[in-house]
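Enquirer: Here it is, the structure in full.
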Amino acid sequence: MSGVEILLIGLAILALLGVVFEEVTHISKAKITLFTGTLSWVILYLTAMTDSATELVNHHLEENIAEIASLWLFLVAAMTFVAYLNKKRMIESLINRMLPSKISERRLLFMTGLFAFFFSSLADNITATLVSVAMILPLGLPKEKVIKFAVLAVFAVNSGGVALITGDVTTLMIFLEGKTEIQNLLWLSLPALCSVILLAAMLSFGMKGQITLSRNRIPVNRVDMLIAAIFLTTILLTILGNIAFKIPPVLSFLCGLSVMFLVAHFLRKDNDEDPILDYIRRIEFDTLLFFLGILLLVGMLKQIHVLDVLIKIYDVMPLYAANYVLGVMSSFIDNVPLTAALLKADIHMDPGAWLSLTYAVGVGGSLLVIGSAAGIVAMSKVPGLTFGRFAKFSLPLVIAYSFGYLLVHYLGQFLFGQ
């Protein structure tokens, strides 16, 4: 390993430490990741000794930027929808209609986990997290309890998408490589759901309070209801369009956002007092900058082939143990390039092992708040949810992840007799 590669890995570790100790240093995680992410690529350019090497760095950076831009635009569209619905109290109104006037905190916790699990099977993880968190925040719960709900929502969202090729990118990657079949993937929903229920049970200890929901009538006008319908239709058409015609989700969501703008304009909802485009300013751009920095760092690690080195754990560990560890690794390394490196290595696995890997890389990112898009979105939306506060729940998260992984292992033996 060259000195440059050691320096670049050091920058990635520095960024991780900056996120971990944000509450100590009082330096925003967006600032430190953006600085280290951009600096790492500058170093790659400065140390490229030939024209061909510079061209290769340029090619990989353009790929990295294109992936980031797609995610950014998708987040902008989804967050703008949610910002509008929150401002108009549409989500609060929905909660009032769905939930009883009195409900126990424990029951609500289980309902939140189940909602996040099943909704993420239909929508993408980012949208599912935004909606799940938006349902929790108006309830007026104490900060520590809100964080418990958020931890469960992150784990449930990641678990819910793992059984469908539309629910998780890594599941889709493994399927497209012919490593597993759709009917086998669907079986993953059972152990994934069991692990969510187990985590909810563990987090529910100490929750004995009752929540009384105010039944104040929230006026909802026709235009707001129509925009809510546009949001739900956009989610549905994003899924169908991607499956049937391979339309990128970002394109579908931007189209839906533009429809929202036009509807607000023609129905006279767009005015100087409440301009519809102003809702874009209400989204958390520090979250987008944090995403940018993290993905630049991941792209840099991919460029210097660090992720390929991690795959060598299969040379020193049993297959199922290595899959489990790889899932844990996905909590601090983006699971997409990690899975891509594994597929490129073409490691021989039986169908049951591929199922266990699919679960591991899909759910393992839940162990750290920065390990998945769901965690990062939750951290941006929930006041007080930091790396350290999320890490306090590491033990129940590891137990739930391990329980689910063990069930997947036995499921593979049942399905394939291995």
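Numbering-wise, this note's numbering puts 297 at position 297 of the sequence shown, and it's gapless, one number per residue.
Note that the Cβ used here is the ideal one computed from N, Cα and C, for glycine as well.
A quick note: this is a predicted structure, and the numbers were derived from the prediction, not measured.
1) Helix, strand or coil for Thr129 per DSSP?
2) With a threshold of 6 Å on Cβ separation, who are the neighbours of Ala322 within its own chain once the five nearest residues in sequence on each side are excluded?
3) Of the choices Ile399, Ala373, Gln413, Tyr359, whose alpha-carbon is the least far from that of Phe175?
4) So if DSSP puts Ile211 in a beta bridge, which residue, or which two residues, is it bridged to?
5) Taking only the alpha-carbon atoms, compute the straight-line gap between Lys392 and Val336 and give it to the nearest angstrom.
6) Report yes if the CB atom of Val363 is closer than 8 Å to the CB atom of Tyr410, and no otherwise.
7) Do Leu109 and Phe155 have their C-beta atoms within less than 8 Å of each other?
8) Kindly list the residues whose CB is nearer than 8 Å to the CB of Val57, restricted to its own chain and excluding five residues on each side of it in sequence; keep chain order.
9) Nearest to Asp334 by alpha carbon, out of Ser366, Gly352, Pro351, Leu319?
10) Thinking C-beta only, is Phe118 closer than 8 Å to Ser132?
11) At what residue ranges does the segment 294–382 contain a whole run of the alpha helix (DSSP H), taking only runs of 4 or more?
12) If you follow the alpha helix (DSSP H) that Thr386 is in, where does it begin and where does it stop?
13) Could you tell me the alpha carbon to alpha carbon distance between Pro190 and Leu262, rounded to whole angstroms?
14) Cβ of Leu355 within 8 Å of Cβ of Asn184?
15) Measuring CA to CA, which of Phe231, Leu338, Phe332 is closest to Asn86?
16) Assign Phe390 to buried or exposed, taking buried as 16 or more other Cβ atoms, counted over all protein chains shown, within 10 Å of its Cβ.
17) Suppose you measure from the CA of Leu236 to the CA of Lys344; what does that come to, to the nearest Å?
18) Mark Phe245 as exposed unless 16 or more other C-beta atoms lie within 10 angstroms of its C-beta, in which case mark it buried.
19) Hey, how far is the Cα of Asn221 from the Cα of Leu296?
20) Output needed for Arg106: all residues of its chain with C-beta closer than 7 Å, excluding positions within five of it in sequence on either side, in chain order.
21) Can you tell me whether Val316 is buried or exposed, with buried defined as 16 or more other CB within 10 angstroms of its CB?
22) Where Ala53 and Val298 are concerned, what is the direct C-alpha to C-alpha distance, given to the nearest angstrom?
23) With the cut-off set at 8 Å, would you say Phe332 and Gly371 are in Cβ contact?
24) Checking 8 Å against the spacing of the C-beta atoms, do Val382 and Val146 come in under that value?
25) How big is the Cα-Cα spacing for Gly209 and Ser104?
26) Closest to Ile399 by CA distance: which of Ala77, Gly352, Asn158, Ser195 is it?
27) Determine the closest residue to Val408 out of Ala192, Ala66, Ser28, with distance taken between C-alpha atoms.
28) Output needed for Gly161: all residues of its chain with C-beta closer than 6 Å, excluding positions within five of it in sequence on either side, in chain order.
29) I need the boundaries of the alpha helix (DSSP H) containing Ala30, first residue and last residue.
30) Alpha carbon to alpha carbon, how far is Ile227 from Met260? Give it in angstroms, no decimals.
31) Buried or exposed for Ile91, please, with buried defined as at least 16 other CB atoms from any protein chain shown within 10 angstroms of its CB.
32) Can you have a look at Pro142 and say buried or exposed, based on whether 16 or more other CB atoms are within 10 angstroms of its CB?
Expert: The relevant details are as follows:
1) Counting from one through the sequence shown, the residue named residue 129 turns up at place 129. Helix.
2) Numbered from 1 along the sequence shown, position 322 holds the residue referred to as residue 322. Answer for Ala322: Ile313, Tyr314, listed in chain order.
3) On the sequence shown, position 175 is the one that residue 175 refers to. The shortest Cα separation from Phe175 among Ile399, Ala373, Gln413, Tyr359 belongs to Tyr359.
4) Within the sequence shown, residue 211 is the residue found at index 211, counting from 1. In DSSP, Ile211 forms a bridge with Ile103.
5) The count along the sequence shown starts at 1 and reaches residue 392 at position 392. The count along the sequence shown starts at 1 and reaches residue 336 at position 336. So the two alpha carbons sit approximately 26 Å from each other.
6) The count along the sequence shown starts at 1 and reaches residue 363 at position 363. The count along the sequence shown starts at 1 and reaches residue 410 at position 410. No, the pair does not count as a contact, with Cβ atoms beyond the cut-off.
7) Position 109 of the sequence shown, counting from 1, holds the residue named residue 109. Position 155 of the sequence shown, counting from 1, holds the residue named residue 155. In this structure, Phe155 does not lie closer than 8 Å to Leu109 by Cβ.
8) As a first step, residue 57 must be located in the sequence shown, where it is residue number 57. Result list for Val57: Trp41, Leu44, Tyr45, Ala48, Gln303, in chain order.
9) As a first step, residue 334 must be located in the sequence shown, where it is residue number 334. Per the Cα distances, Ser366.
10) Within the sequence shown, the letter at position 132 stands for residue 132. Within the sequence shown, the letter at position 118 stands for residue 118. No. Outside cutoff.
11) 306–310, 313–316, 319–329, 335–345, 351–363, 373–381
12) Taking the first residue of the sequence shown as 1, we reach residue 386 at position 386. No alpha helix (DSSP H) holds Thr386; DSSP gives it neither H nor E.
13) Locating residue 190 in the sequence shown gives position 190, counting from the first residue. Locating residue 262 in the sequence shown gives position 262, counting from the first residue. Correcting the residue type first, residue 190 is Leu in the shown sequence and not Pro. For Leu190 and Leu262, the distance between alpha carbons rounds to 42 Å.
14) Sequence index remark: in the sequence shown, residue 355 carries index 355 (1-based). Sequence index remark: in the sequence shown, residue 184 carries index 184 (1-based). Yes; because the gap between Cβ atoms is below 8 Å, this pair is in contact.
15) Within the sequence shown, numbered from 1, the residue matching residue 86 stands at position 86. When only C-alpha atoms are compared, the closest one is Phe231.
16) Numbered from 1 along the sequence shown, position 390 holds the residue referred to as residue 390. When all chains shown are included, Phe390 counts as buried.
17) Residue 236 sits at position 236 when you count from the first residue of the sequence shown. Residue 344 sits at position 344 when you count from the first residue of the sequence shown. The alpha-carbon atoms of Leu236 and Lys344 are separated by roughly 33 Å.
18) The residue labelled residue 245 in the question sits at position 245 within the sequence shown. When all chains shown are included, Phe245 counts as exposed.
19) Here residue 221 refers to the residue found at position 221 of the sequence shown. Here residue 296 refers to the residue found at position 296 of the sequence shown. For Asn221 and Leu296, the distance between alpha carbons rounds to 43 Å.
20) The residue you call residue 106 lines up with position 106 of the sequence shown. So the list reads Ser204, Met207, once near-sequence residues are dropped.
21) Mapped onto the sequence shown, residue 316 falls at position 316. Counting Cβ neighbours within 10 Å, Val316 comes out exposed, since fewer than 16 surround it.
22) Numbered from 1 along the sequence shown, position 53 holds the residue referred to as residue 53. Numbered from 1 along the sequence shown, position 298 holds the residue referred to as residue 298. Near 19 Å, if we compare the C-alpha coordinates of Val298 and Ala53.
23) Mapped onto the sequence shown, residue 332 falls at position 332. Mapped onto the sequence shown, residue 371 falls at position 371. In contact: Phe332 and Gly371 (Cβ atoms closer than 8 Å).
24) Stepping through the sequence shown from its first residue, residue 382 is reached at position 382. Stepping through the sequence shown from its first residue, residue 146 is reached at position 146. Yes, Cβ-Cβ distance for Val382 and Val146 is below 8 Å.
25) Here residue 209 refers to the residue found at position 209 of the sequence shown. Here residue 104 refers to the residue found at position 104 of the sequence shown. Cα-Cα distance, rounded: 6 Å.
26) By 1-based counting over the sequence shown, the position of residue 399 is 399. That would be Ser195, whose Cα lies nearest to the Cα of Ile399.
27) For the purposes of this step, residue 408 is taken as the residue at position 408 of the sequence shown. Minimum Cα distance to Val408 is reached at Ala192.
28) For the purposes of this step, residue 161 is identified with residue 161 of the sequence shown, where counting begins at 1. Only Ser120, Asn125, Gly167, Asp168 meet the Cβ criterion.
29) Locating residue 30 in the sequence shown gives position 30, counting from the first residue. Taken as a continuous stretch (DSSP letters only), the alpha helix (DSSP H) holding Ala30 covers 29–46.
30) To locate residue 260, count along the sequence shown from 1; it is residue 260. To locate residue 227, count along the sequence shown from 1; it is residue 227. If you take the alpha carbons of Met260 and Ile227, they lie about 6 Å apart.
31) Position 91 of the sequence shown holds residue 91. So Ile91 ends up on the buried side.
32) Here the question's residue 142 lines up with position 142 in the sequence shown. By the 10 Å Cβ count, Pro142 comes out exposed.
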